[in-house]
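Since the structure comes first, as structure tokens, the remarks are kept for the end.
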Amino acid sequence: MRKETVPARNYSPEAARLDVMVEPLPGHSDEEVATALRNCGAESVQVLAPGFISAQASGACLQQVEDIADIHPKPDSQPH
Amino acid sequence: MEIARVASVMADAGAAPSGDVASVLIEAQDDASVYESVGAGANGVEKLATGFFSATVRGEQARKLIDNPNVRRIETKKESTPHLSAVQPEIRLTGAGGARTVTEDGSGVLIGVIDTGFDLSHPAFRDSSGKLRVAGLLDQTNGNREFTTAQLETGWANGSNPGSDENGHGTHVASIAGGTRFHNLEGVAPKAKFLLVKTDFRNTANAVVWTFQKAGAAPCAVNMSLGHHFGPHDGTTSEERLQESLTGPGKIIVVSAGNERDDNIHIGSRFTAGSSQEAVFNILRRQNQTPGVALTAWYSQSDVFEGALITPAGQTLPLPAIGFTDRFPGSTQIEISRRLYPLGNLVQVQIVIDLPFNAPPLALRNWKLRFNCTQASVGRLDSWFGNSGFAVFHDSPFVERARTVGMVATGKGCLAVASHIDRVTWDSDGGDQQSNLVIGQISPFSSVGPSRDGRQKPEISAPGQFVSAALAKGSNLAGLTQRADNANRVLTIEGTSMSAPVMTGVVALMLQKKSTLTLADIRTILQNTARRDANAPTWDPNFGFGKVDVAAAIAAIGMTISVGAPTS
Numbered sequence: 007m008r009k010e011t012v013p014a015r016n017y018s019p020e021a022a023r024l025d026v027m028v029e030p031l032p033g034h035s036d037e038e039v040a041t042a043l044r045n046c047g048a049e050s051v052q053v054l055a056p057g058f059i060s061a062q063a064s065g066a067c068l069q070q071v072e073d074i075a076d077i078h079p080k081p082d083s084q085p086h
Numbered sequence: 074m075e076i077a078r079v080a081s082v083m084a085d086a087g088a089a090p091s092g093d094v095a096s097v098l099i100e101a102q103d104d105a106s107v108y109e110s111v112g113a114g115a116n117g118v119e120k121l122a123t124g125f126f127s128a129t130v131r132g133e134q135a136r137k138l139i140d141n142p143n144v145r146r147i148e149t150k151k152e153s154t155p156h157l158s159a160v161q162p163e164i165r166l167t168g169a170g171g172a173r174t175v176t177e178d179g180s181g182v183l184i185g186v187i188d189t190g191f192d193l194s195h196p197a198f199r200d201s202s203g204k205l206r207v208a209g210l211l212d213q214t215n216g217n218r219e220f221t222t223a224q225l226e227t228g229w230a231n232g233s234n235p236g237s238d239e240n241g242h243g244t245h246v247a248s249i250a251g252g253t254r255f256h257n258l259e260g261v262a263p264k265a266k267f268l269l270v271k272t273d274f275r276n277t278a279n280a281v282v283w284t285f286q287k288a289g290a291a292p293c294a295v296n297m298s299l300g301h302h303f304g305p306h307d308g309t310t311s312e313e314r315l316q317e318s319l320t321g322p323g324k325i326i327v328v329s330a331g332n333e334r335d336d337n338i339h340i341g342s343r344f345t346a347g348s349s350q351e352a353v354f355n356i357l358r359r360q361n362q363t364p365g366v367a368l369t370a371w372y373s374q375s376d377v378f379e380g381a382l383i384t385p386a387g388q389t390l391p392l393p394a395i396g397f398t399d400r401f402p403g404s405t406q407i408e409i410s411r412r413l414y415p416l417g418n419l420v421q422v423q424i425v426i427d428l429p430f431n432a433p434p435l436a437l438r439n440w441k442l443r444f445n446c447t448q449a450s451v452g453r454l455d456s457w458f459g460n461s462g463f464a465v466f467h468d469s470p471f472v473e474r475a476r477t478v479g480m481v482a483t484g485k486g487c488l489a490v491a492s493h494i495d496r497v498t499w500d501s502d503g504g505d506q507q508s509n510l511v512i513g514q515i516s517p518f519s520s521v522g523p524s525r526d527g528r529q530k531p532e533i534s535a536p537g538q539f540v541s542a543a544l545a546k547g548s549n550l551a552g553l554t555q556r557a558d559n560a561n562r563v564l565t566i567e568g569t570s571m572s573a574p575v576m577t578g579v580v581a582l583m584l585q586k587k588s589t590l591t592l593a594d595i596r597t598i599l600q601n602t603a604r605r606d607a608n609a610p611t612w613d614p615n616f617g618f619g620k621v622d623v624a625a626a627i628a629a630i631g632m633t634i635s636v637g638a639p640t641s
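Residue numbers (my numbering), protein chains in the order written: chain A, 7 to 86; chain B, 74 to 641.
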């Protein structure tokens, strides 16, 4: 099988749109990260609580903020 | 023979084939087949769900239905005896004669429900004067549109039906927590008001934030009868930590523990240096979806593991070095990555397998995961499929029932609720139903604790087996003949989805008595008042602290509460 090795991320940089939770790294503010997200085309950017920002963004956009924030794709839940 | 079948159908219902009428259930490939046979707009024809109808028919109409090749089945409705829900006596909310044991009814408290949608035409959502008891609704499946009470009243009067429930799950769940009395059934907190979120099942954290913001200063209990297994199960994910920051005095989140007890969704074991374990799994074919699965595995950064994914064709794909992802493109796409997870001092292994839609059966079976431990300090490794229904591990000592409580129920900012059996009989369109389960035991599906990091999850158990509550008209669940009682708009189903809203209702009663109770207060009260079987430990991985006892919990609020007692 053909193999490609790339740096590990918990999101795909090629993704067209991802629902993510973004947490500013120490030394970076919610406002700074939210602005960076909006500047790279993210939508539905919302500070849910201090330190927790919800957004919809492309993988390319998320790559631009990964130096100032942790990125966590939101998993899909199921009814129990 | 066909005439005989018509006669049988009519005789079943105590009617003659010539001119008398019978109430029947019809299953058909399309709506037109039914209307063609009994006449469009015929009196007494009601569409229950896609492909399911209820009708009152004469002999000639029954004959046409039987002759119609697009009608799959026609059967007479069975007489059934009402079986009152056993939830309320089981949790000591009602005593002899059905009288409530506590004066609290949820007045002044808001119940948030994050679920599939809500049939607001059901009497469970309306007060005695017919007005909606819903303070607001957010529809995440429709551009995050918000609806006020007035907009909901208008929308449900004009047929636009905002927040409607095509599945039926959310209507049932909400009415368990706070439904107004109907057909001898009543929610736990029938005077509370609802804040409802029809969720997309991804932005559930946003839903909790919206609910608490709408509640403002009012006490509020939020119910989440949902979950997943994509993460470390230790309370460290962003959604779990966000919930910790959102909960506080009068703001409580209740989550179903999960139904994965026997789903073979989890492997976990202790390793010593030099030991290895292998797990075999099958990927499941899902209706109208491409087969595939995502799984994660977690171990301490102080341990060293190597391992591999082995395909059904026997190709061995070793785990990459930490910090890297190996991608194997092709008709079957595989991605294996390994990275540090600093929040829990863990290493995360993630494997994603996507197969083509028409993958042959052999391509789905006998995938293998192998882990070798070369250095053991903690020496523990756990792995879960992202959710149930995607893949199953074959039985082996590596498969564990323990640690199957889902996420976000494993979070530190919520109550996780297990399910036990409180009844074994119920009625439905298919007549009286009976199960051979044993009252008092844990439900056969209820996920088992503790969390991966050993905390006490679930915290409490409530009745979640064969719970009768509101049926959403026209929903998927309305077509379940053995579970739906369409005439009375009652549905009987089971799951920790059903036990969680029982507990949410109980929390609403507790918040009515003392609106500033915190999650820690409630945990302490439950720990001190839950009913435990003889010789049961203070905490049990099936039942948590035990079976909830409303009367005792409410009574304990009047007594001294030691705030902040830890649960682990």
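Where is the CB? At the ideal position from N, CA and C, for every residue including glycine.
All figures in this text were calculated on a predicted structure; none of them were measured in a lab.
Check                                                                                                                         : Outcome
Three-state class that DSSP yields for Ser-572/B in the structure shown                                                       : helix
Cβ contact check for the segment 279-293 of chain B and the segment 205-216 of chain B: 3 or more pairs under 8 Å             : yes
8 Å Cβ cutoff, Arg-275/B in contact with chain A                                                                              : yes
Reference Gln-84/A; option with closest CA among Thr-602/B, Lys-266/B, Gly-479/B and Thr-554/B                                : Gly-479/B
For Lys-120/B, the first and last residue of its enclosing beta strand (DSSP E)                                               : 119-122
Reference Leu-121/B, options His-256/B, Leu-268/B, Thr-597/B and Gly-547/B, closest by Cα                                     : Gly-547/B
Chain-ordered neighbours of Thr-310/B on chain A, where CB pairs are closer than 9 Å                                          : Met-27, His-78 and Pro-81
CA nearest to the CA of Ser-519/B, picked from Gly-527/B, His-467/B, Ser-572/B and Leu-553/B                                  : Ser-572/B
Span separating the alpha-carbon of Val-425/B from that of Ala-21/A                                                           : 15 Å
CB of Ser-492/B within 8 Å of CB of Ala-535/B, strictly                                                                       : yes
Own chain, CB closer than 6 Å to Arg-78/B, minus 5 neighbours either side, in chain order                                     : Its pLDDT being 41, under 50, Arg-78/B is placed unreliably in this model, and the coordinates cannot settle the point.
Under the three-state DSSP convention, the category Glu-226/B falls into                                                      : helix
DSSP three-state assignment for Trp-283/B, whether helix, strand or coil                                                      : helix
In DSSP terms, what Tyr-17/A is bridged to                                                                                    : In the DSSP output, where bridge partners are listed per residue, Tyr-17/A has none listed.
Minimum Cβ-Cβ distance from Glu-5/A to chain B less than 8 Å                                                                  : A query on residue 5/A cannot be resolved here, the shown segment of chain A reaching from 7 to 86 and no further.
Buried/exposed call for Glu-49/A, threshold 16 Cβ in 10 Å                                                                     : exposed
When Phe-471/B, Ala-128/B and Val-111/B are compared against Ile-340/B, the one with the closest alpha-carbon                 : Phe-471/B
Helix, strand or coil at Gln-538/B [DSSP, three-state]                                                                        : coil
Closer than 8 Å at the beta carbon, the chain A residues around Gly-403/B                                                     : Met-7 and Arg-8
Ser-233/B versus Val-207/B: straight-line alpha-carbon distance, rounded                                                      : 17 Å
In chain order, each beta strand (DSSP E) run of at least 3 residues that lies wholly inside the segment 241-272 of chain B   : 266-271
Given Lys-545/B as reference, the closest of Gly-203/B, Phe-220/B, Asp-178/B and Gly-236/B once Cα atoms are compared         : Checking the sequence, you will find Ala at residue 545/B rather than Lys. With distances taken between Cα atoms, Ala-545/B lies closest to Gly-236/B.
Beta bridge counterpart(s) of Ala-63/A as assigned by DSSP                                                                    : Leu-24/A
Alpha-carbon spacing of Gly-321/B relative to Leu-592/B, whole angstroms                                                      : 7 Å
Distance between beta carbons of Leu-437/B and Arg-358/B, contact taken as under 8 Å                                          : 7 Å
is_contact[Val-52/A, chain B] using C-beta, thresh 8 Å                                                                        : It should be pointed out that residue 52/A corresponds to Gln in this sequence rather than to Val. True, the Cβ-Cβ gap to chain B drops below 8 Å.
Test: His-86/A CB closer than 8 Å to a CB of chain B                                                                          : yes
DSSP beta-bridge partners of Asp-65/B                                                                                         : Chain B is shown from 74 up to 641; residue 65/B falls before or after that span and cannot be answered.
Under the three-state DSSP convention, the category Met-632/B falls into                                                      : coil
Per-residue contacts from Thr-189/B into chain A (C-beta, under 9 Å)                                                          : Pro-85
Inter-stretch contact (C-beta, 8 Å, three-pair minimum) for the segment 255-272 of chain B and the segment 573-580 of chain B : yes
C-alpha gap between Pro-402/B and Glu-408/B, whole angstroms                                                                  : 8 Å
Neighbour flag for Thr-483/B against chain A, beta carbons, 8 Å                                                               : no
Cβ contact check for the segment 348-355 of chain B and the segment 416-433 of chain B: 3 or more pairs under 8 Å             : no
Residues in the segment 367-397 of chain B having any Cβ partner in chain A nearer than 7 Å                                   : Gln-388, Pro-393, Gly-396 and Phe-397
Beta strand (DSSP E) segment containing Asp-399/B, residue limits                                                             : 397-401
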